[in-house]
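Asks: Take any residue in the first sequence, note its place counting from 1, add 8, and you have its number in this note's numbering. Beta carbons: idealized from backbone N, C-alpha and C, even for Gly. My questions will all concern the structure given below.
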Amino acid sequence: MTRRIGFACKYMLNADVKKSKTILESERALNTGTTTVAWLNRQSRTVAEDKLWHVMQHNLNSVYNVLSIVAKMDLRMRMMRLSSDLLPMYTEPSWRYFWQQTDVKMYCEHMFAKIGDFARENDIRLSFHPGQFCVLASSDPDIVLRSVDEFEYHVDMARMMGYGTSWHDQGFKINVHISGREGPYGIRGALHIMTPEARNLITIENDENSWGIDASLELADDVALVLDIHHHLLHSGGEYIQLNDPRWQKVVDSWRGVRPTIHYSISREDVLVDHPKDVLPDVAFMLNTKTCSKTKLRAHSEDVWNTASNDWALSFWDDTDIMVECKLKNIACNTLFIQSQY
DNA sequence: GAGGGTCAAGTCCGT
DNA sequence: ACGGACTTGACCCTC
C-alpha cells in the first residue's frame with residue numbers, strides 16, 4: 009500500500025517571509041479565499057451574493073489547480089487536507105439560503121464531481137478537518153445540533169465529490185476532536201443524528217488538553233481514530249508513543265482495513281531555542297521543571313526541524329500515512345520526505 | 001501599499 | 001472573571 013506524507017489546506021510556492029507580487033498572485037490561484045459575515049451584512053444583497061459567487065468559483069477552481077500540482081508529485085506525497093472555507097457561510101443562518109439555490113448547487117455539484125474524479129484518477133488522498141467550533145460532544149444540546157450541522161456541511165462537500173457511500177473510500181476522512189464536556193459519550197450521541205455518509209467518513213483525534221488517546225480509544229468500535237502523536241506527547245506529559253504500543257494497534261484496528269493517518273507536528277523552533285536538531289526534545293523534563301509551558305509547546309513549528317523527532321514520526325510510516333501540521337505546509341512535507349529517503 | 005482592527009461559531013489555559 | 005490561544009490567520013478598511 010502506498011505510504012503517504014500530506015499537507016494541510018495551503019500550498020506554498022516558497023518559504024520566503026516576504027514574497028514577490030508574482031509569487032503571491034500565483035499562490036492566490038492555488039489557495040482558497042473567504043469573506044466575513046460582517047462585511048456581507050454591510051453590502052446590498054446583490055453585492056453580497058456576487059461576492060459569494062466569486063469566492064465560490066475562486067475556491068473550487070483553486071482546489072482543482074492545487075490538485076493538478078499534487079497529481080504530478082511523487083505518489084508518496086499525494087495527500088492533502090482541503091480547507092473548510094470552500095463554501096463560506098454555508099451554515100450561517102442569514103446566508104445559508106444562498107447555498108440552497110439551484111444554480112449555486114449545480115455549480116458546486118459540477119465542480120466537486122470534477123475534483124473528486126480527478127483525485128481518484130490521480131490517487132490523491134483527501135480529507136477535511138472542521139475547525140474548533142465544531143463541538144459534537146458539547147454539553148449544550150443546541151451547540152451539538154449546530155456542530156452536527158457544521159459537520160454535515162463537510163459531508164455535503166464530500167458527497168458531491170463522490171465520497172461517503174462506503175467506509176472511508178480512498179482513505180477519505182472528516183476529522184474532528186472530541187472537544188466538549190460530554191466526551192466519547194457525547195460523540196456517540198451525535199453519531200445517532202448524523203447521516204450514514206457522515207458515519208462512514210468521521211474520524212476522531214486525541215487532543216492535548218482534555219480528551220487524550222484513552223478517551224478516543226473508547227470510540228474504536230464506532231469510528232476510525234486519528235492519532236496525533238504530538239498531542240499525545242503533550243497530553244501524557246512527555247511520552248513519545250511507540251509503534252509497539254498496544255494502543256497504537258487498537259488505533260490501526262479502528263480503521264478496519266483502511267490505511268490510517270496520523271498527525272505530526274513539533275513545538276516551535278523559537279520556543280526550543282538552540283535545541284540540538286538531532287536530539288528528541290525532553291518534553292517531560294520541560295513540563296516537570298516548568299522550563300516551558302504546555303501552551304508554548306503546543307504551537308506548531310515552521311518546519312520539521314528536528315531530525316530525531318522526524319525519525320520517530322517516520323517509524324510509524326509502514327503502518328500509516330502522515331499528515332504534517334507545520335506552518336510551511338507542503339514545504340515541510342518535502343523536508344520530511346527527503347529525510348525518509350536516507 | 002502597509003498596517004492594524006475585525007472576524008459566525010466553543011473550549012480550556014493561565015493569570 | 002477574563003484575555004488569549006487555538007486556528008489554515010485572512011479579510012477589510014484606513015491612512
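#1: Assess contact between the segment 300-311 and the segment 270-285, defined as three or more Cβ pairs (one per stretch) separated by less than 8 Å. Is contact present?
#2: My parser needs the beta strand (DSSP E) runs of 3 or more residues fully inside the segment 83-144; what are they?
#3: Exposed or buried, which one is Trp263 when buried takes at least 16 other CB atoms within 10 Å?
#4: In this structure, does DSSP put Thr232 in helix, strand or coil?
#5: Cutting at 6 Å between CB atoms, please list the residues of its own chain near Met294, excluding the five before and the five after it.
#6: Could you tell me whether the segment 21-37 touches the segment 82-99, where touching means 3 or more Cβ pairs closer than 8 Å?
#7: Taking only the alpha-carbon atoms, compute the straight-line gap between Gln250 and Asp290 and give it to the nearest angstrom.
#8: Go to Asp329, then tell me how far its beta strand (DSSP E) extends in each direction, as first and last residue.
#9: Residues bridged to Gly14 by DSSP?
#10: Would you call the segment 196-210 and the segment 237-246 touching, i.e. three or more CB-CB distances under 8 Å?
#11: Among all the DSSP beta bridges, which residues are the ones paired with Thr269?
#12: Would you mind working out which of Gly41, Val156, Pro204 and Asp282 sits nearest Asp93, comparing C-alpha positions?
#13: Please state the DSSP three-state secondary structure of Thr54.
#14: Can the beta-carbon of Val266 be found less than 8 Å from the beta-carbon of Gly179?
#15: For Thr3, which of helix, strand or coil comes out of DSSP?
#16: Using alpha carbons as the reference points, say which of Phe15, Ile221, Leu235 and His271 lies closest to Arg86.
#17: Using a Cβ-Cβ cut-off of 7 Å (strictly less than) and excluding sequence neighbours within five positions of Ser323, which residues of its own chain qualify?
#18: Measuring alpha carbon to alpha carbon, tell me which residue in Val45, Tyr161 and Leu134 is nearest Asp177.
#19: Measure the alpha-carbon distance for Met169 versus Tyr350 and round it to whole angstroms.
#20: For Trp175, I'd like the list of residues in its chain whose CB is within less than 6 Å of its CB, leaving aside the five on either flank, ordered along the chain.
#21: Check this for me: beta carbons of Leu336 and Met20, under 8 Å apart or not?
#22: Determine the direct distance from the alpha carbon of Thr315 to that of Glu160, and round the result to whole angstroms.
#23: List the endpoints of the continuous alpha helix (DSSP H) containing Glu216.
#24: Quick check: Leu90 and Ile132, are their CB atoms within less than 8 Å of each other?
#25: Since Ser187 contacts Val231 with CB under 8 Å, what's their CB separation in whole angstroms?
#26: Looking only at its own chain, which residues have a Cβ that is under 6 Å from the Cβ of Met331, when we skip the five neighbours before and after it?
#27: Using DSSP with H/G/I as helix, E/B as strand and the rest coil, what is Ile182?
#28: In three-state terms, what does DSSP make of Ile249?
#29: Short of 6 Å in beta carbon distance, which residues of its chain neighbour Glu190, apart from the five on each side in sequence? Order them along the chain.
#30: So which of Lys285, Tyr193, Gln140 and Gln257 has the shortest CA-CA distance to Asp215?
#31: Please identify the residue among His239, Gly194, Ile221 and His162 whose C-alpha is closest to the C-alpha of Pro149.
Replies: Looking at the coordinates:
#1: Cβ pair count under 8 Å is three or more, so yes.
#2: 87-90 and 133-136
#3: The residue you call residue 263 lines up with position 255 of the first sequence. When all chains shown are included, Trp263 counts as buried.
#4: Counted from its first residue, the first sequence places residue 232 at position 224. Here residue 232 turns out to be Ala, not Thr, going by the sequence shown. Per DSSP, reduced to three states, the secondary structure at Ala232 is strand.
#5: If you number the first sequence from 1, residue 294 lands on position 286. Only Cys300 meet the Cβ criterion.
#6: no
#7: Indexing the first sequence from 1 puts residue 250 at position 242. Indexing the first sequence from 1 puts residue 290 at position 282. Each residue's Cα considered, the two are about 16 Å apart.
#8: On the first sequence, position 321 is the one that residue 329 refers to. Per DSSP, Asp329 belongs to the beta strand (DSSP E) from Asp329 to Val332.
#9: Counted from its first residue, the first sequence places residue 14 at position 6. In the DSSP output, where bridge partners are listed per residue, Gly14 has Met331.
#10: no
#11: Mapped onto the first sequence, residue 269 falls at position 261. Answer is Asp329, bridged to Thr269.
#12: Walking along the first sequence from the start, residue 93 turns up at place 85. Taking only the C-alpha atoms, the option nearest Asp93 is Gly41.
#13: In the first sequence, residue 54 corresponds to position 46, counting from 1. The answer is helix: DSSP assigns Thr54 an H, G or I state.
#14: For the purposes of this step, residue 266 is taken as the residue at position 258 of the first sequence. For the purposes of this step, residue 179 is taken as the residue at position 171 of the first sequence. Yes, they are a contact pair.
#15: Since the displayed the chain opens at 9 and closes at 350, residue 3 lies outside it and no answer follows.
#16: In the first sequence, residue 86 corresponds to position 78, counting from 1. Per the Cα distances, Phe15.
#17: Reading the first sequence from its first residue, position 315 is the one you call residue 323. So the qualifying residues of the chain are Leu251.
#18: Sequence index remark: in the first sequence, residue 177 carries index 169 (1-based). Ranking the options by Cα distance to Asp177, first place goes to Leu134.
#19: By 1-based counting over the first sequence, the position of residue 169 is 161. By 1-based counting over the first sequence, the position of residue 350 is 342. If you take the alpha carbons of Met169 and Tyr350, they lie about 37 Å apart.
#20: Position 167 of the first sequence holds residue 175. Same-chain partners within the cutoff: Asn208.
#21: The residue you call residue 336 lines up with position 328 of the first sequence. The residue you call residue 20 lines up with position 12 of the first sequence. Closer than 8 Å, so yes.
#22: For this step, residue 160 is matched to residue 152 along the first sequence. For this step, residue 315 is matched to residue 307 along the first sequence. Spanning the two alpha carbons is a distance of roughly 39 Å.
#23: Within the first sequence, residue 216 is the residue found at index 208, counting from 1. Segment: none, Glu216 is in no alpha helix (DSSP H) and carries neither H nor E.
#24: Looking up residue 90 in the first sequence gives position 82. Looking up residue 132 in the first sequence gives position 124. In this structure, the beta-carbon distance from Leu90 to Ile132 does not fall below 8 Å.
#25: Mapped onto the first sequence, residue 187 falls at position 179. Mapped onto the first sequence, residue 231 falls at position 223. Not a contact, Cβ separation roughly 14 Å.
#26: Locating residue 331 in the first sequence gives position 323, where the first residue counts as 1. These residues qualify, in order along the chain: Gly14, Thr269 and His271.
#27: Working through the first sequence from its first residue, we reach residue 182 at position 174. Of the three classes helix, strand and coil, the one that applies to Ile182 here is strand, per DSSP.
#28: The sequence position of residue 249 within the first sequence is 241, counting from 1. Ile249: coil per DSSP, three-state reduction.
#29: Position 182 of the first sequence, counted from the start, is the residue given in the question as residue 190. Hits under 6 Å: Ala145 and Ser147.
#30: Residue numbering aside, residue 215 sits at position 207 when the first sequence is read from its first letter. Answer by Cα proximity: Gln140.
#31: Position 141 of the first sequence holds residue 149. Checking every option, the nearest Cα to that of Pro149 belongs to Gly194.
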